[in-house]
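J.: This structure is in structure tokens; I'll ask about it shortly.
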Amino acid sequence: MTIDWNAFTPLSALAGGALIGLASALLLSLNGRIAGISGIVGGLFARTAGETGWRLAFVLGLLAAPALWALFTALPPIRIEAGYPMLIAAGLLVGIGTRYGSGCTSGHGVCGLSRLSPRSLVATLAFMGGGFATVYVTRHLLGV
């Protein structure tokens, strides 16, 4: 294994991780909510009184972050090496998985693990293992 030193950006990765951790901790301590993106977006469709404002602000913040970042530096090029059928299937599988797993990678992997939740540990191991297996099958067995 080699490292592409031109693309190796540990400081921006560290800053991004710290911001995710800070945002998650603030949402939990100030609002008593877990920063699970699928739950936050799903809650926008439930229309519970007093819940829409902060959920909408959170989602708008996620969408505004790349625009803010672009003010300071060029965004990396978007390169997707899959067709629309594969992207649709992947999106559906992720959506189904978040429903069955009672949360997504941000809810379980970031927030749940930091709270030492056994359920989140099992969920994180399951979706990481599923991701590893999917990459292995698609790249090495199917040659996609």
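Be aware that the sequence shown starts at 6, since it is given in this note's numbering, and climbs by one per residue. Ideal placement from N, C-alpha and C gives every residue a C-beta, glycine not left out.
1. Quick check on Val149: does DSSP put it in helix, strand or coil?
2. Applying the criterion that 16 or more other CB atoms from any shown protein chain within 10 Å of the CB defines a buried residue, is Val140 buried or exposed?
3. Are Phe13 and Ala40 close, meaning C-beta to C-beta below 9 Å?
4. Count the CB pairs spanning the region 68-75 and the region 37-52 that are closer than 8 Å, and state whether there are at least three.
5. Identify the continuous alpha helix (DSSP H) that holds Ala30 and give its terminal residues.
6. Give the C-beta separation of Gly117 and Ser125 to the nearest angstrom, bearing in mind that I take them to be a contact with Cβ-Cβ under 8 Å.
7. Skipping 5 residues on each side, what residues in its chain have a beta carbon closer than 7 Å to that of Arg60?
8. Taking Phe137 and Thr110 to be in contact with their CB atoms under 8 Å, please state how far apart those CB atoms are, rounded to whole angstroms.
9. Over what stretch of residues does the alpha helix (DSSP H) that includes Arg104 continue unbroken?
10. Given a cut-off of 9 Å on the beta-carbon distance, is the pair Ser119 and Gly55 in contact?
11. Does DSSP classify Leu130 as helix, strand or coil?
12. Do Ala128 and Gly96 have their C-beta atoms closer together than 9 Å?
13. For Leu115, is the classification buried or exposed, using 16 other Cβ atoms within 10 angstroms of its Cβ as the cut-off for buried?
14. Should Ser29 be labelled buried (16 or more other beta-carbon atoms within 10 Å of its own) or exposed?
15. Give the secondary structure of Trp10 by DSSP, where H, G and I count as helix, E and B as strand, and everything else as coil.
T.: Considering the structure as presented:
1. DSSP places Val149 outside both helix and strand once states are collapsed to three, so it counts as coil.
2. An exposed status is given to Val140, since fewer than 16 other beta-carbon atoms sit within 10 Å of its beta-carbon.
3. Going by C-beta atoms, Phe13 is not nearer than 9 Å to Ala40.
4. The region 68-75 vs the region 37-52: no contact.
5. Where Ala30 is concerned, the enclosing alpha helix (DSSP H) stretches over 15-36.
6. Between the beta-carbon of Gly117 and that of Ser125 there is about 2 Å, and that keeps the pair under the 8 Å contact cut.
7. Scanning its chain for C-beta atoms nearer than 7 Å, with the 5 sequence neighbours on each side dropped, one finds around Arg60 the residues Ile45, Gly48, Leu49, in chain order.
8. Rounded to the nearest angstrom, the Cβ distance from Phe137 to Thr110 is 14 Å, too far for a contact under 8 Å.
9. First-last of the alpha helix (DSSP H) with Arg104: 89-105.
10. The Cβ atoms of Ser119 and Gly55 lie no closer than 9 Å to each other.
11. Three-state DSSP puts Leu130 in a helix.
12. No, Cβ-Cβ distance for Ala128 and Gly96 is not below 9 Å.
13. Per the sequence shown, residue 115 should be read as Val rather than Leu. It is buried - the Cβ of Val115 has at least 16 other Cβ atoms within 10 Å.
14. Here Ser29 is buried. Its C-beta has 16 or more other C-beta atoms within 10 Å.
15. DSSP places Trp10 in the coil class of the three-state scheme, outside both helix and strand.
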